[in-house]
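If you read the sequence shown in my numbering, its first letter stands for residue 14, the second for the next number, and so on. Heads up, the beta-carbon is just placed ideally off N, CA and C, and yes, glycines get one too. A quick write-up on the structure given underneath.
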Amino acid sequence: MKKHPTITTEIGRYFLTDRIREEVNFWTTEQSSGGQPPPLQKPVPPGSRVIKLPDQETWTIPQCDLQSAIANRESHRRFTAESLSLDELAFLLWATQGVRHVIHEAAVLRTVPSAGNRHPFETYLAVTHVDGLDCGIYRYLPVTHALVYEREVNNLSAHLTAATRGQSFTGRAAVTFIWTVIPARTEWRYAEASYKVIALDAGHVCQNLYLACQAIAAGTCAIAAYDQNLADALLGVDGDDEFTVYIAPVGKV
């Protein structure tokens with residue numbers, strides 16, 4: 014088991030302040046030193062199965078009043094057995110990490126804000142019942158608005174429940190969003206000042222998921238209590254340069 018630093022109330026509260034910014038020499042960051050930024054998204058392994066998703070021109074998603082969506086937003090832990098359509102999943106992915114405009118090969122504008130436009134997250138999906146998709150682990154490719162099939166997992170629902178410390182409703186969801194973070198994307202610009210803004214960025218993403226769910230008669234529940242090692246192993250990430258940071262199961266309600 015990995016050793017971890019001793020966490021105190023003082024350290025935790027310091028993390029929530031912005032005093033670290035006064036201590037970072039931003040002239041020595043990788044960006045200031047002329048280093049290339051990390052890629053916008055992880056590459057697709059050769060031979061992978063890639064599924065193109067419906068987009069705004071083709072999906073059938075009902076209009077949703079923003080005021081009503083905000084007023085009715087709540088966490089849901091009970092889901093029906095109804096599947097999500099591929100249109101609905103595509104809409105949720107676009108709402109949480111979709112690309113609105115490509116600035117250049119190292120920067121895009123998305124549907125959520127991110128400190129310094131760094132967007133440090135990868136979106137994985139544990140799919141149990143989405144029309145047209147096999148059960149398994151997928152990863153979203155926001156630049157091309159597509160999915161790459163990562164792996165089959167036997168008894169995926171049980172693995173999800175275990176990874177979320179016995180929260181069995183994750184295993185009953187149609188799909189569970191699992192966001193990992195690649196800290197190097199933000200560290201490239203902000204060095205040690207990255208970690209608070211990464212946490213803030215995660216909140217932006219999940220709130221969009223809550224609101225988007227209102228348009229498709231679905232619900233979600235943000236989960237920050239999970240088994241780090243089990244969640245990372247489920248996705249096949251190394252736990253150091255990329256690791257799970259937030260989880261949100263989605264299902265019809």
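The same chain holds no residue with a CB closer than 7 Å to that of P58 once the five nearest residues on each side in sequence are set aside. Y239 carries a coil assignment under DSSP once its states are collapsed to helix, strand and coil.
The straight-line gap separating the alpha-carbon atoms of H172 and F190 is approximately 14 Å.
In this structure, DSSP gives W72 a state outside helix and strand, which the three-state scheme calls coil.
Distance from the CA of G111 to the CA of T19, rounded to the nearest whole angstrom, comes to 37 Å. Remark: three or more beta-carbon pairs, one from each stretch, lie closer than 8 Å, so the stretch 150-163 and the stretch 60-67 are flagged as touching.
Per DSSP, E163 is not a residue of any alpha helix (DSSP H); the beta strand (DSSP E) it occupies stretches across A159 to R164. In the three-state DSSP reduction, A212 falls in the helix class (H, G or I). Taken through DSSP and simplified to helix, strand or coil, G232 comes out as strand. Only exposed fits Q69, as fewer than 16 other CB atoms lie within 10 angstroms of its CB. Pairing R131 with E36, the inter-Cα distance amounts to about 21 Å. Contact between the stretch 229-241 and the stretch 179-190 is present: three or more C-beta pairs spanning the two stretches fall below 8 Å. In summary, S207 is buried, with 16 or more beta-carbon neighbours lying within 10 Å of its beta-carbon over all protein chains present. Between P155 and the set Y137, H142 and T73, the nearest pair of CA atoms involves Y137. Taking 3 residues as the shortest admissible run, the stretch 51-136 contains the following complete beta strand (DSSP E) segments, listed from N- to C-terminal end: 63-65, 112-117 and 120-123.
Bounds of the beta strand (DSSP E) holding L154 are G149 to L154. In the DSSP secondary-structure assignment, G47 is not bridged to any residue. Here T124 is near A108, since their CB atoms are less than 8 Å apart. In this structure, P133 is the residue among L243, P133 and N85 with its C-alpha nearest to the C-alpha of P50. With fewer than 16 other beta carbons inside 10 angstroms of its own, Q241 counts as exposed. L99 places its beta carbon 8 Å or farther from that of L122.
Within the DSSP bridge table, the entry for V258 names no partner.
Annotation: N168 to D251 spans about 22 Å, alpha carbon to alpha carbon. In the DSSP assignment, V266 forms no beta bridge with any residue. For W201, the uninterrupted alpha helix (DSSP H) run begins and ends at A197 to Y203, by DSSP. Between the alpha carbons of C226 and L105 lies a gap of roughly 7 Å. Contact annotation, Y203 with G264: C-beta distance approximately 36 Å; criterion of less than 8 Å not satisfied.
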